[in-house]
Structures are given as C-alpha cells and as structure tokens.
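Sequence positions in the sequence shown follow the numbering used here and run 861 to 1168.
Even glycine gets a Cβ: it sits at the ideal position worked out from N, Cα and C.
Keep in mind it's a predicted model, so treat the numbers as computed, not measured.
First the structure, in the form of structure tokens, and then the observations on it.
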Amino acid sequence: MNKEDNFINTLFEETDETKETEAVEPQKTEIVNMSVGNIVPNLKNPYKCREEDMKPLEDSIRENGIIQPLMVRKDDKANVFEIVSGHRRYLAATRLEMTEVPVVVLSISKEEADIILVDSNLHREHILPSEKAFAYKMKMDALKKQGKRTDLTSDRVGPKLSADEISDTDSASQLKRYIRLTNLIPRFLALVDSGKIALGPAVEFSYLSQGHQNFLSEAIEKELATPSLAQAQKLKKLEQEGKLDVGTILSMVKQPKPNQVVTVKIPEDKISKYMKPTATVKEKEDFLARAVEYYGKHLMRQKDRGAR
C-alpha cells in the first residue's frame, strides 16, 4: 500500500474522536456590484461548464440579468476576488460582455471556500465520475488543512474524518475509489466519463504508470475493447511487481471477454425444417457452423470464377 492509499485509509478510519465538519459561521450578506475584471475563477474547480447548460443560462441572463449573485472571497495573495460559487454565471457574464456582476463577498478561508464550492455542486442532476473524483479530493484536502485528520506518522494533530463529512451519498469505500481516479491521465478519465470504462476497472488502472496508462488507453480505443475487472486487477499486480510490459497490455486488451463477444440469434423455425425434431442445442449449433462454412466456401468459388 502506497503512502497516498495509507493516508486515505487513515483519514476515514472511524474513532470516538470523529466530529462533524465545522460549518461556516453565518455572515451578514450584502449584495454589491463588482467589476468582472476584479473576479477570478477557482483554478481547481472540478466541475465543468457544459455548453448545453450555458445556452439557456445566457438567454436567461440576457433577458433578466443575474438574479442570484455570485459568492466570492478576497484572494489571500492578489488584489482580486476568487469565485466561491457561481462559475457558470461568471462565464455567461463574460460571454455576454458584461462589465459588472452582483456578488456577495464572504470573509472565509480558502479551505472553507473550497468546501462550499464542492458542496454547492455535488447534487447536480448530471455529474461526471471525474468531477466527483476531483471534488471529493478537493474537499478532503481542505478538511485536512483545517486539521481534521490523523498524521501519517500517527502523531495526533486533529480528529479523524468520517465519510459523511465529505459525502452524504457515498460510503467510505466508494469515496476512496473515486479519489483514486484522480491518479488517471486525462485520456483515461475521458473514457470513464463516457462510460466506456466502468469504475471498478478504472480504479485498478489508476495504479499503472502514466506510460502504461497512455499505451493501454490507446489500445482500448484502437481495439474497441476493454480489459475485464479481473484482467485489470492482474495488470495492477504485474505493475506493482515490476513485470508489466506493453506486450502483456496489448494481448490482454485483445483477449476476448465473455461480455464483449458478439452473439447472433436465429429463430429456431428458420432451421428446424432442415434438422431432425430431436436435435439437441449442440447439434443445432454444429449444423449452423458447418452450413456457414460451406456457404462461405461457395461464395469464394463464385468469386474465383468471376475473377477469371
């Protein structure tokens, strides 16, 4: 087990000292208009702005303006305000060439801002696995910086986290699996987000080196086939033993998987008249195989005659 996995396991270990996440103190909220030039997005924002969401939002803002103000905080180092909530409204405003937007300035830390950013978007109707992975990682890191963890050296620096401090929908084991996805290269994450690779195998692939991930993702796209969970676990084991090479990766991708073998179904009444009534399923399968082989040879003979 590497240091990262050990840290995550330690982080979610339940103890009597587990406490709820401290909520951000209620603040007096005053809506002010702020120059778009003084606002910057959170560069680690894990959520994507999808074009299908932006068009109706832009139409609404064009007609009614920004009804819900953005939440921002003063940047700790630069003379700008970082977005806490409202990245899509900010993007729409820039596209519409607005010079000012309504905001609420919050007096909160960077860690509190990251937690709000994650929590305010986790319950979207459509959220990609990669978005959830980096959101959980962002919130975990923010809570860690607040001291809510156990040090890797076992020196007590703060209470351990429970899974429900990061998510109210996913278990601790599921959280760990999602956070592992942050070790995947972007090309692999795209395959996961598109549904071409399931979460289980993707977690196993996250233990491969970037070079092996690149080769494997290229092989998957070229061969239009993905290793099974058992094969993914074998790849991980070979990687950890230092025995994995590109030849092994390619042969495993090309190896037929039961759930990826194309099955052709033929109505029984189409062939029953050519066979005895008592024929077994195996006899019917053999009959069809011989018939296809015979017909294939017939087509080849016709092709040869036509070429003469």
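Handout entry: Where N1074 sits in the DSSP three-state scheme
Key = helix
Handout entry: Every unbroken beta strand (DSSP E) inside the region 891-956 [3 residues or more]
Key = 891-895, 930-934, 941-945
Problem - Close beta carbons around M1135, own chain, < 8 Å, minus the five adjacent residues each side - result: E1143, K1144, F1147
Exercise for the section: Going by CA-CA distance only, name the one from Q1093, K1125, P962 that's closest to S895. Expected result: P962
Practice task
Quickly, what does DSSP pair L966 with across the bridge? List them, please.
Solution key: R933
Exercise for the section: Determine, using beta carbons only, whether D1028 and M998 come nearer to each other than 9 Å. Expected result: no
Problem - Where E960 sits in the DSSP three-state scheme - result: strand
Handout entry: Spatial neighbours of E1101 in its chain, beta-carbon cut-off 8 Å, leaving aside the 5 residues before and after
Key = none
Problem - Among T889, P1116, P1087, A1139, nearest to V964 - alpha-carbon criterion - result: T889
Exercise for the section: For N893, count neighbouring C-beta atoms within 10 Å of its own C-beta (all shown protein chains included) and say buried if the count is 16 or more, exposed if not. Expected result: exposed
Exercise for the section: Assign T875 to buried or exposed, taking buried as 16 or more other Cβ atoms, counted over all protein chains shown, within 10 Å of its Cβ. Expected result: Residue placement at T875 cannot be trusted, given a pLDDT of 44 that sits under 50; what the coordinates show is reported in the next sentence. It is exposed - the Cβ of T875 has fewer than 16 other Cβ atoms within 10 Å.
Practice task
Reducing DSSP to helix, strand and coil, say where D979 ends up.
Solution key: helix
Exercise for the section: Would you mind stating whether I927 and A952 have Cβ atoms separated by less than 9 Å? Expected result: no
Practice task
Rounded to whole angstroms, what's the CA-CA distance from G1166 to G1156? Just pull it up for me.
Solution key: 16 Å
Practice task
Say yes only if the C-beta of E1078 is nearer than 8 Å to one or more non-hydrogen atoms of the ligand ZN, and no if none qualify.
Solution key: Among the ligands in the structure shown, none appear at all, so the ligand ZN cannot be discussed.
Exercise for the section: Determine the burial state of A938: buried for a count of at least 16 other Cβ atoms within 10 Å of its Cβ, exposed for fewer. Expected result: exposed
Exercise for the section: Please report how far the alpha carbon of P906 lies from the alpha carbon of Y1067, in whole angstroms. Expected result: 21 Å
Exercise for the section: Return the Cβ separation of Y1169 and I1026 in integer angstroms, given the expectation that the two are a contact with Cβ distance under 8 Å. Expected result: No answer is possible for residue 1169: the residues shown for the chain start at 861 and end at 1168.
Handout entry: C-beta atoms of L1089 and I1109 nearer than 9 Å
Key = no
Problem - Closest Cα partner of D1001 within the set I899, I1039, Y1154, E991 - result: I1039
Exercise for the section: Could you check the C-alpha separation between T1138 and I1126 for me, to the nearest Å? Expected result: 18 Å
Exercise for the section: For the alpha helix (DSSP H) containing M1000, list its first residue and its last residue. Expected result: 989-1005
Problem - Candidates V1152, L1044, L988, P1116: closest to N1074 by CA position - result: L1044
Problem - Buried or exposed (CB count within 10 angstroms, at least 16 for buried), L1159 - result: exposed
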